[in-house]
Each structure stands twice: as structure tokens, then as C-alpha cells.
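Colleague: Structure in C-alpha cells, see below.
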Amino acid sequence: MKSDPFELARKKMVEQQIISRGIKDKRVLNAMMKVPRHLFVSKNLMNQAYEDHPLPIGEGQTISQPYIVALMTEALGLKGNEKVLEIGTGCGYQTAILAELCDRVYTIERIPSLSIRAKDTLTHLGYDNVEFKVGDGTLGWPEAAPFDGIMVTAASPKIPQPLIDQLAMGGKMVIPVGDRLTQDLLLIERVPEGIKKTSLGGVRFVDLIGKWGWQE
Ligand code: SAM
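Numbers -13 to 202, taken from the numbering used here, label the letters of the sequence shown in order.
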């Protein structure tokens, strides 16, 4: 096997940024240890791929900070047999982490060039359990619903109703909700009485733009 020059950087990222901040799910830690994050950013940013901050991916968008990816993923509590919807494919890094941890990922991106590039990267890496769509993710993916998990990787002023409707009973959704500068990262669980909300802390994400998000 070809050796990976970034393996040590990835190990340090997991130990110093993720385990040290309290992420415990072994499957999440293994996925973060395995997925080559440097292959999801442009060549000139590869050396920064494992640093403790987001990075630009073009089109004014970003790849999230590693810890935030781990925190959001752990919150979904994936065991391996789930169907997960992701809103905001971006460069596809979070998509790859989800693809490692569940049965099938449905991912939606509104910017066609990002979706195409993410699909290329994931295909090149051998992921065959991901469905891609270009469009407004605030509408969800009704034909494939219900979902056991929904991950929204852009910030919304409110929880889009179609996403609540497409969450299976017992399913979990992670979404940053707030204004355009800061948001609360919410874990939403669908329970027989309705929905249960838990705050996972303050975050700052790019805008979720669409019918049920921000207007352009
Ligand atoms: N998870 C991504 C990754 O690993 O690169 C990071 C995603 S970035 C923080 C948020 C993404 O959400 C952007 O690519 C943006 O274009 C996309 N986005 C914003 N509004 C959207 C919508 N309504 N539907 C789908 N994607 C949307």
C-alpha cells in the first residue's frame, strides 16, 4: 500500500482537536482517522487541511473545522444501518465521514460545481453508497424519505418544516439555527409527542439559502 504523508497529521488532529474536546464515539474517531481530508481541498491548502479551523473550498463556501464535523456526526448516533440526508455537500468531506458510518447517504448541494467536484472526489476514493443531487436542500429529498438522520451543514433562521416531516420516528437531525453571524447548533429528535431540542453549543456557519432558509 502507498504510504500517506498526512497520516501523522490526521492522527494529531484526532488526538489534539477531537478526543481532547470530548468526542468519544470510536466509530466517529476511526472515520476521522481514515478519511484523507487533504484530498477534499485545493492543492495549495493541503498543508492546512488538518488544522483546527475551516478552509475555503471555492464559491464563497467552506469545509467545516474538523472538531465541528466530529461533534455533528457523533450527535447523530449512527450505528451502521441508517439512511442519512445531508444538506450542503460542499467539498464532500462530511459526506465521506457519513458514508463510513451509515448504510446510505443522500446529499444535496445548491452550487452545481461543488456537487460535481465532490462526486468526483468520493468516486475516486471508492465510495459507492452516496446519492448526489443539485438543488434546494431545504425542501429535503421526499422520494427517499424518511431518514434516520439529517445533517444540515449551513445555518438557517429556523428549522425547515420539510426536514422535520422527512425525519423518521426516533430519527435525529443536527442543524445550526440562528442569525447570519452566530447560531446555536441544535440536535432535534423526533419523538411520539413531537420534537425534542437540545443545544450542542454556539457555532458559525455559512448561510443555508433556499425556500425554508435565508433568501439570496
Ligand atoms: N459539509 C461540507 C464539507 O464537508 O465541505 C461543508 C459545507 S459548507 C459549510 C455549506 C454548504 O451548504 C455550501 O456548499 C453551500 O453551497 C451549501 N448550501 C447552502 N444552502 C443550501 C441549500 N438550500 N441546499 C443545499 N446546499 C446548500
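For glycine and all other residues, C-beta sits at the position ideal for the given N, C-alpha and C.
1) Going by the CB atoms, is the gap between residue 153 and residue 176 shorter than 8 Å?
2) Output needed for residue 155: all residues of its chain with C-beta closer than 6 Å, excluding positions within five of it in sequence on either side, in chain order.
3) What first and last residue would you give for the alpha helix (DSSP H) that runs through residue 91?
4) With H, G and I counted as helix, E and B as strand and the rest as coil, what does DSSP make of residue 193?
5) Closest to residue 69 by CA distance: which of 166, 60, 58 and 87 is it?
6) For the alpha helix (DSSP H) holding residue 98, just list the boundary residues, first then last.
7) Just confirm the distance between the C-beta atoms of residue 121 and residue 73, as a whole number of angstroms; I'd bet it's less than 8 Å.
8) Compute the Euclidean distance between the alpha carbons of residue 188 and residue 160, then round it to the nearest angstrom.
9) By DSSP's criteria, residue 118 is part of a beta bridge. Which residues make up the other side?
10) Alpha carbon to alpha carbon, what distance is there between residue -8 and residue 111?
11) In whole angstroms, give me the CA-to-CA distance for residue 118 and residue 101.
12) At a cut-off of 7 Å, would you count residue 118 as near ligand 1, judging by its Cβ distance to the nearest heavy atom?
13) For a minimum of 3 consecutive residues, which ranges assigned as the beta strand (DSSP E) are wholly contained in the stretch 31 to 77?
Modeller: Let's see:
1) Sequence index remark: in the sequence shown, residue 176 carries index 190 (1-based). Sequence index remark: in the sequence shown, residue 153 carries index 167 (1-based). Yes, they are a contact pair.
2) Within the sequence shown, residue 155 is the residue found at index 169, counting from 1. Excluding sequence neighbours, residue 155 sits near 176.
3) As a first step, residue 91 must be located in the sequence shown, where it is residue number 105. Per DSSP, residue 91 belongs to no alpha helix (DSSP H); it is in the beta strand (DSSP E), 90 to 95.
4) Numbered from its first residue, the sequence shown carries residue 193 at position 207. Reduced to three states, the DSSP call for residue 193 is strand.
5) Counted from its first residue, the sequence shown places residue 69 at position 83. Among 166, 60, 58 and 87, the Cα nearest to that of residue 69 is on 87.
6) Sequence index remark: in the sequence shown, residue 98 carries index 112 (1-based). Residue 98 -> alpha helix (DSSP H) spans 98 to 110.
7) Here residue 121 corresponds to residue number 135 of the sequence shown, with the count starting at 1. Here residue 73 corresponds to residue number 87 of the sequence shown, with the count starting at 1. Their Cβ separation, rounded to whole angstroms, is 10 Å, which puts residue 121 and residue 73 out of contact at 8 Å.
8) Start at 1 with the first residue of the sequence shown, and residue 188 comes out as number 202. Start at 1 with the first residue of the sequence shown, and residue 160 comes out as number 174. Rounded to whole angstroms, residue 188 to residue 160 spans 13 Å at the Cα level.
9) Reading the sequence shown from its first residue, position 132 is the one you call residue 118. BP columns for residue 118 point to 93.
10) Here residue 111 is taken as the residue at index 125 of the sequence shown, counted from 1. Here residue -8 is taken as the residue at index 6 of the sequence shown, counted from 1. Residue 111 and residue -8: Cα-Cα distance of roughly 16 Å.
11) Position 132 of the sequence shown holds residue 118. Position 115 of the sequence shown holds residue 101. Approximately 7 Å between the Cα atoms of the pair.
12) Counting from 1 along the sequence shown, the entry for residue 118 is found at position 132. Because no heavy atom of ligand 1 lies under 7 Å away, the Cβ of residue 118 does not count as near it: no.
13) Taking 3 residues as the shortest admissible run, the stretch 31 to 77 contains the following complete beta strand (DSSP E) segments, listed from N- to C-terminal end: 41 to 44, 47 to 49 and 69 to 73.
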